[in-house]
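All remarks here apply to the structure that follows.
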Amino acid sequence: MKLIKRILIIILLIIIFIVAGFVYKGHELYKQALEKISISDKVAEIKSDENYTKLEDMSEFYKDAVIAVEDRRFYEHGAIDPIALARAVYSNIKAKELREGGSTITQQLAKNIYFTQEKSALRKISEIFMAYDLEKKLNKDTILELYLNTSYFGDGYYCVAEASRGYYKKEPKDMNRNEASMLAGIPNAPSAYCPTKHLDLAKKRQNQVLDKMVRYEFITAEEKEEILNESNAVEDNKD
């Protein structure tokens, strides 16, 4: 019995050392990123882009769609969402691979502006450190605004304005609900959900977005059907 306890203690200590090592390396990566460019300078750089779009110039429906599908508790939690994180950890352990990240919009912004899109535990730790800094320095609306201006939407479009103009020939505020809900789903997997290349997958993803909007009471089930019956410039151009 004593031998088993000793073995368990040794295993636990090894796990603690491994985790501590990852946290240390992740923190070092986070510090290196900030040494290259501060958050204030990075934000100023992003906002100076000619395609930068303010939150007030996007429709409420589009913003609701993004929050519903990406981070429904965005305005309620801090840098991380413990509930989503716990769910992701459980899912990854069950699948025996890194499938879900449980990332908040703030974490995704950190990834967009400071790190790579590579899925790794080390990058995730660095991202969390950066997300805490972003939450300290920026309000929620600014974080959401920056996220929508730094996300990749496929087809070479690196912000919401480029995507809405490229796919729909419209400004972000002028997208109808059908177009906005489709666009909201693309950043999760831009190559797969690019509507000009994979319209069927883009529509399936759009349906997921709308289902979440219904579940979280942004819209009703009846409104979902109305939205799906609205025109969509990408679909119209394929006809």
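First residue of the sequence shown: 0, per numbering that gives the first Met the number 0; consecutive thereafter. We put the beta carbon where it would ideally sit given N, CA and C, even for glycine. Computed from a predicted model, the values in this text were never measured in an experiment.
| Item | Value |
| --- | --- |
| Touching by the beta-carbon criterion (3+ pairs, under 8 Å), the stretch 18-28 and the stretch 122-136 | yes |
| Segment contact, 8 Å Cβ cut-off, at least three pairs: the stretch 125-139 with the stretch 151-158 | no |
| Assigned secondary structure, LEU200 (DSSP; H/G/I helix, E/B strand, else coil) | helix |
| Inter-residue CB distance, ALA201 and MET181 (contact presumed, cutoff 8 Å) | 6 Å |
| Any 3 or more C-beta pairs closer than 8 Å across the stretch 74-89 and the stretch 161-174 | no |
| ALA31 classed as buried or exposed, judged by whether at least 16 other C-beta atoms fall within 10 angstroms | It is Gln, not Ala, that sits at residue 31 in the sequence shown. That one is exposed. |
| Rounded straight-line distance, which links the Cα of ALA120 to that of ILE15 | 15 Å |
| Candidates SER230, GLU75, GLU55, THR219: closest to GLU178 by CA position | SER230 |
| Test item: CB-CB of LEU33 and TYR113 under 9 Å | yes |
| Neighbourhood of TYR61 by C-beta distance below 6 Å, restricted to the same chain and skipping five residues each side | ALA179 |
| Unbroken alpha helix (DSSP H) run spanning ASP40, endpoints | 38-46 |
| Simplified DSSP state of TYR29, which is helix, strand or coil | helix |
| Cβ neighbour criterion (16 or more within 10 Å) applied to ASN148 | buried |
| Alpha carbon of ARG214 to alpha carbon of VAL68, nearest angstrom | 10 Å |
| Local Cβ density within 10 Å of LEU108, reported as buried at 16 or more and exposed below that | buried |
| C-beta atoms of ALA232 and VAL208 nearer than 9 Å | no |
| Buried or exposed by the 16-neighbour rule on C-beta atoms within 10 Å, applied to GLN116 | exposed |
| The alpha helix (DSSP H) enclosing ASN177, as first and last residue numbers | 176-184 |
| Helix, strand or coil at MET0 [DSSP, three-state] | coil |
| Whole-angstrom distance between ILE10 and THR195, CA atom to CA atom | 51 Å |
| For THR195, the three-state DSSP class (helix, strand or coil) | coil |
| Own chain partners of GLU144 with C-beta closer than 7 Å, once the 5 adjacent residues on each side are dropped | LYS53, LEU54 |
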